[in-house]
Every structure is written in structure tokens, then in C-alpha cells.
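Start counting the sequence shown at 1; every next residue gets the next number (the working numbering).
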Amino acid sequence: MSAAPALTGDTSVIAYARGLEKHFPKAAKPALTNLDMEARSGAVTGLVGPDGAGKTTLMRLFAGLLVPTSGELRVLGKDPAHQADALRDSIGYMPQKFGLYEDLTVHENLDLYADLKNIAGKERDETFERLLAFTDLQRFTDRQAGKLSGGMKQKLGLACTLLGTPRLLLLDEPGVGVDPISRRELWRMVRELLREGMAVVWSTAYLDEAEACDGVVLLNEGEALFAGAPAELNARTHGRVFALSGFTGSARGALRSARHDPASMDGVVQGHAVRLLAKPGATLHPESYGVAGGRLAKIASRFEDGFIDLLGGVPVVDSPLAKLIPERPRDGAVVIATKSLTKQFGEFRAADDITLEVRRGEIFGLLGPNGAGKSTTFKMLCGLLAPTSGEAKVAGVDLRHSRSTARQRLGYMAQKFSLYGNLSVHNNLEFFAGAYGLAGRAASNAIDRMIDTFELGDIRDTATQDLPLGFKQRLSLAAALLHGPEILFLDEPTSGVDPVTRREFWTHINGVVERGVTVLVTTHFMDEAEFCDRLTLISRGRQIASGTPDEVKARAATADTPDPTMEDAFIALIKGDQ
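Written as C-alpha cells, this is what we have:
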């Protein structure tokens, strides 16, 4: 994907930008600077980059919702900012928070958007029939949008976006909060649209999605650091990616030591191994990592390695948060236990006979597709939802009789922010301090420590609704940890944030776990599932596989896929249960 060819004479180019700039009043830096890019017919152009890189601003400029400060921007040869009426049916824009009306049914939402597009009569009937078949929503036309799973909501959002005859489809992080099976289904649908000659611009925080694009533009602080095919970025780190395995002791400890190696620029836990990216021309030194029997082996590079390399690596920082958390004994005691835990809503069993044990100082993962029962199980364990039957004990407290007592000993970071958007950062922390029983100087000290630890000082008086996603996530985690809980519940803690911010989060999580805090986490990032000590996979409310990440992957191994990834295992095991 060349940066700026003779675009106006190329009929395959549906949209392009040249020298594009966007400045917002009072902003310290431009949102976009001297940007060149194009979107071609029959191709997916990926927009990737850290939180605040300018991806959404670029989407809104193409959609005609913002006016550029300078530069040239065209869609089908027209200026979207000043010729919006002429492009109304040619652009389909699905923002991060698509405007579905949750109290309306699937069909009623389609009716509403068809009215806005002036689609009526026979054309409407034929369009609905085609889109419902395309998205496989025919069976759910009478279901309220608010009662759809995350994947089905995204399908409905896509169907509404496709009303009319768009030539340019703008998808702003459509995979956020969606399980791997639903994300693959979204990709299948988009690939079908490409055969019709549509151009797609897909913004994403999932780098495996970026790797599937035909071309990518990597943005950072409003500038394009890279524009080209994903394979070109992969090639940057060829021969510099290694797996450290075969050692005794914890992978978290090995990762912490390896990241202090001056030759290392990135590292993540992968089951009971550590994946490392070496600096150009440098040699890793596993003998200095303090682990017995470790060995290095070169492995294939991937898009994420090139992404991190282009950003200059991930800073080596031990979690300052860990030092604030009281240390607990690493005695292996069971601190979360359930037996036949069940929750029924009418005739529907959202969680069915869930039995598990989680030990102190362990990261335990709950995985499953949207609507599988993970969040229902989570809420029962947090004392937010009463079980229909079964037993649940958290920190030795029976949740049937003492839910409020148990809640004082745990921290909870909700999947959908429990922050108050019209309150400032500081006011939110004050509220949560009170909710967790902190008052007076104890509350003030705890708030100050979290503001310092998460570097929230410059935004302490900013309304939460005005924060970028990454800072909202930081604040949510800070609020959950104010009172130094011994158990931490994290429901999709890094949904939608970029890989650099995810690594920051997991540095904190690994740090508090090393202090003996127990973590129960749900995630749709399958590489994050690798960070868990153990996990259980839930499908249709039931547990279908449990064990270490390596044990779960081994269950999905076949002659064709002898060494499955966690995503391969997730999809194979879930589909095997359907």
C-alpha cells in the first residue's frame, strides 16, 4: 500500500488523504499530522496504534463528521466535509459505540435506520431479507437489541450500517468485547462485502486482526509510522523473537527477570514459557534470569512484534502498585470455591453447575463466547447476583449469607465501566473509597497513592467521560484496588486498549499476584489467557474444559493442528460443544 500514488486517476481508490492535518482547540498536539493514506476497492485497510493515536479522528473525517484543518481528503472524488449529501448513501460508518436502541427489537432498529436512509416499500423488504440472511439474524428479529450477545449486537450494527449502497465502509473497532468466534464471523462477512467491490477501513486494537488486513496504517500521536502490507512489518523482527522454556519456577518471575535484560525490548507470558523480543543486534542472556534449566529457541515473528519494535519497545518498569499492596502468605489456600453454582432466569440457565477452586496468589481465567455465562458467574462470585442454587465461598465467606462482608475483601473492575462520567477522576476515587469503607485520612492517602501510581495527577479534575479509553481503564483499576483487596475480579479489563497499555496493565496484575493477591479474570484476548495459571472454558453456561493454558491447548491438538494457539483451542472446543 503506497503512501501517495497518483490517486485521483486510479479507479480502485475509493478514498484517500494527502497531507491531512486535524487540530483541536486547546489540545497540546495535533490529532493528525501530515497523513497520507488510501482505501482501495476490494481491500481492508487497517488502522492500528496506541490509545489516542488518531484512529477515530481519521474515521470521523472520512465520514464527514469533522472538517480537516488542512490537507486533501476525498471519498469517490468528493469532499466528505462539504459534500455530505452527495455521499450520504456511499459511506457506511459504524462507530465504537454504535447507536442501537436497546429497547427496540432487531427489526425495529432496522426500520429506524431504513427510515433515515429513505429506504421504503419493496426495496426495504428485499434489503432486510438480504441483510438478515447475511448476518444470520433471521431468528432474532423480534428480540430486543439489549438482549443480544455482544457478537450479535455487532452483526446488527453492521446490518444497519450497510443499509443503502455504501462503497466505503468505516468500522471503528468492531471486534472490541467480542469473542474470537464472533470476530471470525465478522471477518467472514466483511470478506464477502469485498467481493462486491467495497473498500473497508477497519480500526482495531487486536493485532491479529491487523495482520489479516490487506494493508495497514500504524498511527502514533497523530503521525503515520508505517503504511504497507502486514508482512512488511512482520519482517522487521525476523530472527529476533525467542521462546524461553524448560525452566523451573513461575513464568511471571522469569518474565520479570528477562525484561531487565538490556537486550530485551518486549516480553509476554505464553503458558509456561516466555516470549521475548530482542533489540536489533543484541543477544539475550537467559543465564542471568535466575531460572533453572531455561533454554532459548527462535520462533516466528508476528505483527505484534513489529508493532512493538516500531514504537521503540515497551519500557522496563516494575509495578509501583505492587509495593502498595499488603503481602499475603503464599500458602496455596483455596480462597474462591464453588460447588454446583447455578443461576436461572425463568427457563434459561445462564450458569449451570459451575464448580471450581481458585488458590491464593493465582491468576484464574474464565473464558467463553459472548452469552456463555461468564459475567453471570462473575457477578455471583462478587456478591452482586444471588445464585439460584449451589454454593459459593469467597475468602472463606459464604455468599448466600454474608455478601457485604465478602465484598469488603475484594476489588471489582466491571466490564462496562462503573465509573461516573460526570464526576472528575478525583471524585470517582472518593466515591469508591467510601463504597469500600475507607474514610478520613485513610481514604485521602489511598486516593493520593493511586493517583501517583497510575499517573493521574494531570487529569485529576477532568470529567471521566472526557478521558481516553486507556485512562478510563487505569482509573477503573485504581478504584478496584483502593482498599488493598486480597482478591481482584477483572471483567474484560483491557477490552479495546492497545497492546502497550495491555502490557502496562499486566505488569500491575502480575505485580500484585506476586504479593499474594488472587485474580479472577475474564478476557476475549486469547494471548491474555496465556497469562493465567489455570482457566476454565464455559459454553452455554457449562464448564467444558479446565486446566493450565498448555493443558487446554493440548485438548484441541489434532494431526492437522499439532500445536494449536489458544484461539485455535477456544474455537475448536466451543464448536465441539455446539
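Where a beta carbon is used, it is the ideal one built from N, C-alpha and C, also for glycine.
Residue i to residue j span [Cα, whole Å]
{"i": "valine 316", "j": "leucine 488", "result": "24 Å"}
{"i": "leucine 456", "j": "leucine 467", "result": "11 Å"}
{"i": "leucine 116", "j": "glutamate 21", "result": "31 Å"}
{"i": "arginine 330", "j": "serine 250", "result": "13 Å"}
{"i": "lysine 472", "j": "leucine 419", "result": "8 Å"}
{"i": "leucine 657", "j": "glycine 516", "result": "Nothing in the structure corresponds to residue 657, since the chain is present only between 1 and 578."}
{"i": "glutamate 112", "j": "arginine 259", "result": "Reading off the sequence, residue 112 comes out as leucine, not glutamate. Distance between the alpha carbons of leucine 112 and arginine 259 is about 53 Å."}
{"i": "glycine 411", "j": "glutamate 486", "result": "8 Å"}
{"i": "isoleucine 509", "j": "threonine 464", "result": "23 Å"}
{"i": "glutamate 567", "j": "proline 25", "result": "43 Å"}
{"i": "alanine 3", "j": "leucine 225", "result": "Because alanine 3 sits at a pLDDT of 36, beneath the cut-off of 50, its placement in the model cannot be relied upon, and the following sentence gives the value as read from the coordinates. So the alpha carbons of these two residues sit roughly 11 Å apart."}
{"i": "isoleucine 574", "j": "proline 230", "result": "29 Å"}
{"i": "threonine 558", "j": "valine 274", "result": "24 Å"}
{"i": "threonine 518", "j": "valine 335", "result": "8 Å"}
{"i": "alanine 28", "j": "threonine 57", "result": "16 Å"}
{"i": "proline 50", "j": "proline 166", "result": "28 Å"}
{"i": "glutamine 344", "j": "leucine 148", "result": "17 Å"}
{"i": "threonine 8", "j": "alanine 15", "result": "Summary for threonine 8: the model assigns pLDDT 39, below 50, so the residue's position carries little reliability; its value from the coordinates is reported in the next sentence. If I take the Cα positions, the gap works out to 9 Å."}
{"i": "phenylalanine 570", "j": "aspartate 498", "result": "22 Å"}
{"i": "alanine 433", "j": "alanine 31", "result": "35 Å"}
{"i": "glutamate 287", "j": "lysine 155", "result": "50 Å"}
{"i": "glycine 121", "j": "threonine 127", "result": "10 Å"}
{"i": "valine 358", "j": "phenylalanine 364", "result": "7 Å"}
{"i": "alanine 300", "j": "proline 326", "result": "40 Å"}
{"i": "glycine 373", "j": "arginine 534", "result": "18 Å"}
{"i": "arginine 328", "j": "threonine 462", "result": "35 Å"}
{"i": "leucine 158", "j": "alanine 395", "result": "44 Å"}
{"i": "aspartate 452", "j": "aspartate 458", "result": "10 Å"}
{"i": "alanine 443", "j": "alanine 478", "result": "13 Å"}
{"i": "glycine 150", "j": "alanine 282", "result": "44 Å"}
{"i": "alanine 114", "j": "threonine 548", "result": "48 Å"}
Per DSSP, the bridge partner or partners of residue i
{"i": "lysine 343", "result": "Ala351"}
{"i": "lysine 22", "result": "Leu32"}
{"i": "glutamine 270", "result": "Ala273"}
{"i": "tryptophan 202", "result": "Gly46 and Leu171"}
{"i": "arginine 40", "result": "Val13"}
{"i": "threonine 522", "result": "Leu366 and Asp491"}
{"i": "tyrosine 93", "result": "Leu170"}
{"i": "leucine 537", "result": "Leu367 and Ala545"}
{"i": "arginine 555", "result": "Per DSSP, none; premise fails for arginine 555."}
{"i": "serine 389", "result": "Thr342"}
{"i": "alanine 224", "result": "Leu219"}
Inter-residue CB distance, residue i and residue j (contact presumed, cutoff 8 Å)
{"i": "serine 539", "j": "glycine 368", "result": "6 Å"}
{"i": "leucine 194", "j": "methionine 94", "result": "Not really, about 16 Å apart at Cβ, beyond 8 Å."}
{"i": "arginine 252", "j": "valine 513", "result": "7 Å"}
{"i": "glycine 267", "j": "serine 340", "result": "Incorrect: roughly 40 Å between the Cβ atoms, too far for contact."}
{"i": "leucine 104", "j": "cysteine 160", "result": "Not a contact, Cβ separation roughly 11 Å."}
{"i": "leucine 276", "j": "leucine 233", "result": "With 8 Å as the limit, leucine 276 and leucine 233 do not qualify as a contact, their Cβ atoms being about 18 Å apart."}
{"i": "glycine 64", "j": "leucine 47", "result": "Wrong, their Cβ atoms sit about 17 Å apart, outside the cutoff."}
{"i": "asparagine 460", "j": "histidine 483", "result": "For clarity, residue 460 is arginine in the given sequence; the question names asparagine instead. Contact flag wrong, Cβ pair sits at about 19 Å."}
{"i": "lysine 393", "j": "alanine 337", "result": "5 Å"}
{"i": "threonine 522", "j": "phenylalanine 378", "result": "6 Å"}
{"i": "aspartate 309", "j": "threonine 204", "result": "19 Å between Cβ atoms; not a contact."}
{"i": "alanine 446", "j": "valine 201", "result": "The pair is not a contact, with the Cβ atoms about 43 Å apart (cut-off 8 Å)."}
{"i": "aspartate 261", "j": "leucine 296", "result": "Going by Cβ atoms, the distance from aspartate 261 to leucine 296 rounds to 11 Å, so no, they are not a contact pair."}
{"i": "proline 68", "j": "alanine 81", "result": "7 Å"}
{"i": "phenylalanine 242", "j": "lysine 323", "result": "That pair is no contact at about 30 Å."}
Same chain, Cβ closer than 8 Å to residue i, neighbours up to 5 away in sequence not counted
{"i": "glycine 19", "result": "Asn34, Leu35, Asp36, Ser70, Gly71 and Glu72"}
{"i": "aspartate 79", "result": "Leu73"}
{"i": "tyrosine 101", "result": "Glu108, Asn109, Leu112 and Ala145"}
{"i": "leucine 469", "result": "Asp51, Gly496 and Val497"}
{"i": "serine 546", "result": "Leu356, Arg534, Leu535, Thr536, Leu537 and Val552"}
Neighbourhood of residue i by C-beta distance below 6 Å, restricted to the same chain and skipping five residues each side
{"i": "alanine 53", "result": "Leu219 and Asn220"}
{"i": "alanine 414", "result": "Asp491"}
{"i": "arginine 474", "result": "Phe454"}
{"i": "serine 41", "result": "Ser12, Ile14, Gly197 and Ala199"}
{"i": "phenylalanine 140", "result": "Val106"}
Cβ-based neighbour list, residue i, same chain, cut-off 7 Å, excluding 5 preceding and 5 following
{"i": "phenylalanine 247", "result": "Ala254, Val291, Ala292, Gly293 and Gly294"}
{"i": "arginine 60", "result": "Leu66"}
{"i": "threonine 649", "result": "In the structure as shown, the chain begins at 1 and stops at 578. Residue 649 is therefore absent and cannot be evaluated."}
query: At a cut of 8 Å, does the region 217-229 reach the region 179-195 through at least three beta carbon pairs?
result: no
message: Using 8 Å as the cut-off, can you tell me whether the region 312-327 makes contact with the region 495-508, which would need three or more C-beta pairs spanning the two stretches below that distance?
response: yes
query: Would you say the region 289-297 touches the region 523-531, given that touching needs at least three Cβ pairs under 8 Å?
result: no
Contact the region 536-556 vs the region 342-354: 3+ CB pairs below 8 Å: yes
message: Any contact between the region 299-314 and the region 200-216? By contact I mean 3 or more CB pairs, one from each, below 8 Å.
response: yes
- prompt: Using 8 Å as the Cβ pair cut-off and three pairs as the minimum, do the region 132-139 and the region 147-163 touch?
  reply: yes
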